[in-house]
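One structure is given below, encoded as structure tokens.
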Amino acid sequence: MKKRGRAIPASREVFPLALPGRPVEAFSGETLAAIAARARFRGPVVAYVNGRPRLRKNGGWAKRLRARDRLLFRELPAGGGGGKSLLRIALNIAIVLTAGWALGPAGLGLTGLAFSGALAGVHIGASLLLNALLPMPGPQGSGFRGADSPSPTYSLSTAQNRARLGEVKARLYGRHILVPDLDAAPYTEFSGNDQYLMQVLNCGLGDYQVEKLLLADTDLWTDSAGDTGAFEGVTLEFCPPGTPVTLFPTQVVTAAEVTGQELTGANEDGAAEAGGAWSGWFVANAPGTEANYLAFDFEWRGGAGRLTDAGGIAAVETRLRMEAQPIDAAGDPAGDAVLLKEETYSFATWTAQRISERFAVAAGRWRVRARRIDDAGHVADNRVRDTVNWTGLRAYLKGAPGSLDCYRIAVRMKAGNQLSGLSARLFKTIQTAKLPVFLGYDEGGAPLWSAPQATRKISAAAGDLLRNDEYGGELPDTRLDLDRLAALDATWEARGDTFDGVFDRRTTLWAGLADILRVGRAEPQMLGDVVTFVRDEPRETVRALFGPQNIAAGSFNLDYVFADEDTPDDVIVRFFDEATWKPAQARAQAGGGAGTKPALLDYFGIVDYEQAWREAAYQAAANRRRRVFPGFAAGLEGRLIARGDAVLVAHPLPQWGGAIEVEGWFAASRLLRLDEAPVLAEAGNWLYLRRRNARPWGPARVTAGPGPRQLVIDEDDLAALGDPSAFISTGGDRDRTMAVVGHAPASGEAGNQGAAMRAIVVSMLGGGGDRVQLALVNDDPAVYAADEGEAPPRETAAPVPLVPAKPALGPIVLSQNLGTRYAPRLAASVLPAAGAVNYVWEISYDNVSWETLKEGSNATQWQGDVETGLVWIAVTAFGQGGARTRQVAHRNLTVSEEVPGEVTAVDKTPFAQSAFVDFTLPKEADGRTEEGLRGVMARYSAASGFDPEDGGALGETVFTVRNEPATTRLLVPLIAAPTYVRVAAYNAFGEAGLNWSSEISVSPLALTAGDFSEAVQEALANAEAVGAEYVVRIADNRVVGFALTGGATVDLGFLVDKLMIAHPSIDGGTPFPAFVVEGGVVTINEAKIGVLTADKLAAALAEFGTLTALKFHSPIGPGETIDDALLAIDLEAPYIRMKLPS
């Protein structure tokens, strides 16, 4: 056999994702073609030698590698084998990117890090609960943490059986209570005057072991006792996947049109020739469906019978006829009507009677009708009770066996008093999923899985989700790291960790897998095209040693996150407790505080208090102990490690050990010579050496050698670790070996100094060329011991709400603009903050100067008008002790300074001294008035060709725009004959640069002297006169006029024979005389004005007060005086005189 050359660094990765690479076996002297053939790449691959691509053409893959070469294969995703796989390419690209995956679940692993370079700008908030490896998801996750629509199982307010249209079918893992969905629309039938409910409960995808069936909180059936007898008339059928329901037809539709119509007798109104009036036609089933059975329900609600003379009951008969007719998709008849049944029913009882009639029909679409064909006895005899109502119509559809991929329970149950409309929706089950369990490998190395069995294993749930070909990823076993899954299963079994949860909301497969593994303190990762699993637990193997030699110069970054006043001092894990099947909580101390600032974590999939407490203790310890975040850029060895791997870091900046190159190694004397003298401690010193694959050799105790740059390795440690001669390099054809000397073995404690830092890889991000950006967190061993021991007792009473000293104020929810572009309006709100006693809202337009808007103890929202531009809204919540929390949000309401469109359809209506100018406002594309208009202005001049922008030298009149005005008109003074006018619309941005209309000329309405009398002309010449008389004369006869008389007051008098008025409500608007002067006496036109009556006079007195002077009398004849009046009243006299008629 030909001797192989020296092993060279080689790895493979999936490109373009920064996935953890896997080592490739490669030796100097080999060709790329031979190495690639041995690696068995599945798809296209590109080879990089020393960072440069080497192509196949021109014999690139036939050249042999040298001992100092570095090799990288980049695999390109190349699709899958078809089918319904959600993970073939999706696991490599889509799901990885959309779900945030395991670089990590915190979105490429950047949470908790503040790198320079590629990771710059990511900031750690000290007030958050820190866990860089297993950060908890947000509230939009699965289960009772919340979702777009409530879960019937986890929501206490909506825990009812219902058909959830458009929602996913539930998938339960482990043991859990379930509020099953309805697999089909429930219906009722009558049998022997008893009503029975038929409904099918969908218990979820896959097979289950049902432990209990409950109605509300009462056991209806148990696997040990069967029917508990708590309810009468219960028949159940349990149907595993693939088994149809045979207890009753399942696909039944109930017609909404039949709601209890009374079937009248032949002797009642509307009766037909052969009986009572028909009820119907009513369509039984929808287009596109076929019914092969039709059913009718009839009810005699008051019973049926005749009261006899002796006080007994005699039987009465009711004869009914039922018909059906086939119809097409449009509802038109497709055949003749057929008689289904004509039956006589006889009863002698005052108890309500109900019957159901079911008929087989040819498969198709049908309509039906029914009627009574005999006389109604109660019409002629009041001792007869025989009213019948048609109460139900059902169609039994052909085919449609229901959800055969789910476990279902068919329930036929007697209704009546024991089952109301609400309780019929309160069925629950307690069930355990049956899943294949990984058993190991057969003799040929093929994976072995058990038949589905009842299990709560985390590993079984994860394996089913990845392998299942109905609702899972359809991944073959070769794509799963089954060895790692089996190892974790042993850990979970020993701890008692299980996953018990119900997926009943849409989620990605990767997010669901992360939910399952999280309860076991693990997460999924992609290792090339293989799904592997990583748990946060003590790492036995350290994957790499990093120091200045293999850390890119200038890339090292270190972030210490210190606790502050907002850092949580308790962790409360909320979970769904199997003891009560209601939400519960477990608490663990996070930082030695008073427990007034707890962090709340919702753990979907935990139902056991002990497990919930262990996770609370772990999260609390991670938050307290893991607060050191180093990061740097490394070379290709960074691709050989994965998220969750343990590494050692030596660097002079934080004094994490001394990294020194090795100049010589003398195995016989165990002497190591370094290129500079190490700093040694008196208490003891420890050594690590970096292997060629970057893994550390050590730790080994060392003592000072004969020279200052020499160390002697402890004999026992050397024997245990092995001779390092095979990998130590002192120069020449490769880099020198790096040695790290510390005062103690590597430690992950935050205060570590003098020893290498033990850290965990949080993320790897591919950089330029061979660089990989690494993000790490310190690996403090106290985290793993936090959940040891006994959990504290459960809290027996409801926990007292904690009032934080500093209000826990959430972010502002700020609306988009509620107004218009030019008149914006905002609405802002916050959720009530725990511990807040007062809220103050403020506004700013520069984020510097603030103006108070509103304050109050319940002021959690504000709404108001704001200016255009950038707007900042802030709210401050004040606690009882004066502590405050402030939130700020902003909106950019800037609008461009657009000039309104042109005013159109400009028209004029002149008068003697002014004119109306009508116009149409500028319009939007949809015909609405242009948004933001403030008004329309007219500018006018005596000179043609004037500049309308010269507002100071022109006359101006303005029309203000409000909403959608019905009339758009300006009144423009006419200052010359003619006057020149231009109009334009303006908005909030002012009156400059407007779109002015074309110039129009308006001349006053012409009036000549001949149109006026001399007196009128004289009055016009002296219009300022206070005392004047205005008359119009025709042929020297005074016809009409009025006079103004000056003095302390101005009197207005009319000189007329008749005062004519008009109103549209009287005689169509024809003028009529209101007052007439005859013989010097003014009389009222009573025909038009009406008679002055007492009630009118009383109303006038009520309106104007007391009458102090009044004289009036009844009519008198010619030559008579007031003394001849039958009635005379004179308040000045005063007297009232009445005369009897002669």
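Numbering (my numbering), first residue to last: 2 to 1143. For every residue, glycine included, the Cβ atom is placed at its ideal position computed from N, Cα and C.
Can you name the start and end residues of the alpha helix (DSSP H) that residue i belongs to?
i, result
"Gly378", "378-381"
"Gly513", "510-519"
"Tyr604", "First-last for Tyr604: undefined, no H or E at that position."
"Ser460", "459-468"
"Asp70", "Element bounds for Asp70: n/a, residue is neither H nor E."
"Gln612", "610-626"
Three-state secondary structure (DSSP) at residue i?
i, result
"Phe1013", "Confidence is the limiting factor: at Phe1013 the pLDDT is only 49, short of 50, which leaves the residue's position unreliable and the question unanswerable from this model."
"Ser999", "coil"
"Pro725", "helix"
"Ile36", "helix"
"Asn893", "strand"
"Trp657", "strand"
"Asp270", "coil"
"Gln862", "strand"
"Asp734", "coil"
"Ala913", "coil"
"Thr492", "helix"
"Ala95", "Legend: pLDDT at Ala95 = 27, less than 50; position of this residue unreliable, no value from coordinates given."
"Leu483", "helix"
"Gly110", "The pLDDT assigned to Gly110 is 28, lower than 50, so where the model puts this residue is not dependable; a value taken from the coordinates is nonetheless given after this. It is coil, neither helix nor strand."
"Ile1123", "helix"
"Lys58", "helix"
"Leu637", "helix"
"Glu716", "helix"
"Ala411", "strand"
"Gly52", "coil"
"Asp1068", "helix"
"Asp220", "strand"
"Ala8", "strand"
Near residue i, which residues of its chain fall below 6 Å by C-beta distance, leaving aside the five closest residues on each side in sequence?
i, result
"Val211", "Thr430, Gln432"
"Trp1144", "An answer regarding residue 1144 cannot be provided, because it is not within the stretch 2 to 1143 covered by the chain."
"Gly820", "Arg826"
"Asn839", "Ser858, Phe879"
"Tyr49", "Leu73"
Less than 7 Å between C-beta atoms, sequence neighbours within five positions excluded: which residues of the same chain meet that for residue i?
i, result
"Gln419", "Phe232, Glu233"
"Pro833", "Thr861"
"Asn59", "none"
"Ala217", "Ser424, Leu427"
"Ala315", "Gly306, Arg307, Thr309, Ala349"
Can you find the residues in the same chain that come closer than 8 Å, C-beta to C-beta, to residue i, ignoring five residues on each side of it along the sequence?
i, result
"Val663", "Leu673, Arg674, Leu675, Asp676, Leu690, Ile729, Ser730, Thr731, Arg737, Thr738, Met739, Ala740"
"Cys204", "Ala171, Leu173, Leu179, Pro181, Val211, Cys407, Tyr408, Arg409, Ile410, Thr430, Gln432"
"Gln711", "Leu672, Leu673, Arg674, Leu675, Ala705"
Considering only DSSP beta bridges, list what residue i is partnered with.
i, result
"Ser347", "Glu318"
"Asp578", "Lys583"
"Ser670", "Answer is none; Ser670 lacks a bridge partner."
Please list the terminal residues of the continuous beta strand (DSSP E) segment that includes residue i.
i, result
"Glu212", "208-216"
"Ile431", "428-436"
"Asn694", "Run containing Asn694: none; DSSP gives neither H nor E here."
"Gln419", "Taken as a continuous stretch (DSSP letters only), Gln419 belongs to no beta strand (DSSP E), as it is neither H nor E."
"Val879", "According to the sequence provided, residue 879 is Phe. The question's Val does not apply to it. Unbroken beta strand (DSSP E) run through Phe879: 870-880."
"His177", "176-179"
"Asn293", "292-301"
"Val235", "235-240"
"Ser192", "188-192"
"Ser357", "354-365"
For residue i, verify whether its CB is less than 8 Å away from any heavy atom of the ligand NAP.
i, result
"Gly313", "With respect to small molecules bound, the structure shown includes none, and the ligand NAP cannot be examined in it."
Using a Cβ-Cβ distance cut-off of 9 Å, determine whether residue i contacts chain C.
i, result
"Gly658", "Protein chains in the displayed structure number just one, and chain C is not present."
Please go through the segment 763-845 and give each complete alpha helix (DSSP H) segment of 4 or more residues, from N-terminal end onward. 783-786
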